[in-house]
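Quick note, this note's numbering runs 2 ahead of the 1-based positions in the sequence shown. For every residue, glycine included, the Cβ atom is placed at its ideal position computed from N, Cα and C. Worksheet: the structure to be examined is printed underneath.
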Amino acid sequence: MADKPTAHVESGFSFALMTDFTPDSSQREVLAATEGVLSAAWQRKRLTIRYNIMKTRLTGLQQQLQQLGIPLKHSRWQRIRAGWKNFTDENLSAHATHEHQCCGKPPKGM
3 MADKPTAHVE SGFSFALMTD FTPDSSQREV LAATEGVLSA AWQRKRLTIR YNIMKTRLTG
63 LQQQLQQLGI PLKHSRWQRI RAGWKNFTDE NLSAHATHEH QCCGKPPKGM
């Protein structure tokens, strides 16, 4: 019986950023090569980035975009969305790295 081929799929989280800018190919290549970025797609005035929260965060991606010269909109709604997404990223990362106690085991040190 032949072994079934298996594929490793890396999960990620997506976030759409609004911009009035279309990047050139070198900017796209640098962003795609950024550690933790799984994909980046531009559609009209929207940049959708899919990234692994264990390797990068939204704030780091926003800094990378600024360094590349890609301007982002800073409307009130965009700031609220980004703040909520940063909060979510931190929570997901903390829960993924936290060692949970089993219900039947006493806490460490007892």
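Please report how far the alpha carbon of residue i lies from the alpha carbon of residue j, in whole angstroms.
{"i": "G38", "j": "R78", "result": "27 Å"}
{"i": "K57", "j": "T36", "result": "10 Å"}
{"i": "R83", "j": "Q69", "result": "21 Å"}
{"i": "T21", "j": "G111", "result": "52 Å"}
{"i": "L60", "j": "A42", "result": "13 Å"}
{"i": "Q65", "j": "C105", "result": "41 Å"}
{"i": "T90", "j": "Q80", "result": "15 Å"}
{"i": "A18", "j": "I55", "result": "15 Å"}
{"i": "E92", "j": "A98", "result": "10 Å"}
{"i": "L40", "j": "R48", "result": "17 Å"}
{"i": "W86", "j": "S27", "result": "30 Å"}
{"i": "E31", "j": "G62", "result": "17 Å"}
Check residue i in the structure and name its three-state DSSP category.
{"i": "H89", "result": "The sequence given here places Phe at residue 89; His does not occur at that position. Helix, per DSSP."}
{"i": "A35", "result": "coil"}
{"i": "R46", "result": "coil"}
Output needed for residue i: all residues of its chain with C-beta closer than 6 Å, excluding positions within five of it in sequence on either side, in chain order.
{"i": "T24", "result": "none"}
Taking 7 Å as the limit between beta carbons, can you name the residues of its chain near residue i, skipping five residues before and five after?
{"i": "L67", "result": "L74"}
{"i": "L94", "result": "I55"}
{"i": "T50", "result": "S16, A18, A43"}
Relative to the ligand ATP, is the shortest distance from any of its heavy atoms to the C-beta of residue i smaller than 7 Å?
{"i": "K110", "result": "Questions concerning the ligand ATP fall outside what the structure shown contains, since it holds no ligand whatsoever."}
Tell me which residues share the same chain as residue i and place their Cβ nearer than 8 Å to its Cβ, disregarding the 5 neighbours each side in the sequence.
{"i": "Q29", "result": "L70, G71, I72"}
Taking residue i and residue j to be in contact with their CB atoms under 8 Å, please state how far apart those CB atoms are, rounded to whole angstroms.
{"i": "R52", "j": "S16", "result": "5 Å"}
So that I know if they touch, is there some Cβ in chain C lying closer than 8 Å to that of residue i?
{"i": "E92", "result": "In the structure shown, chain C cannot be found, because there is only a single protein chain."}
In chain order, each alpha helix (DSSP H) run of at least 4 residues that lies wholly inside the stretch 51-86: 60-69
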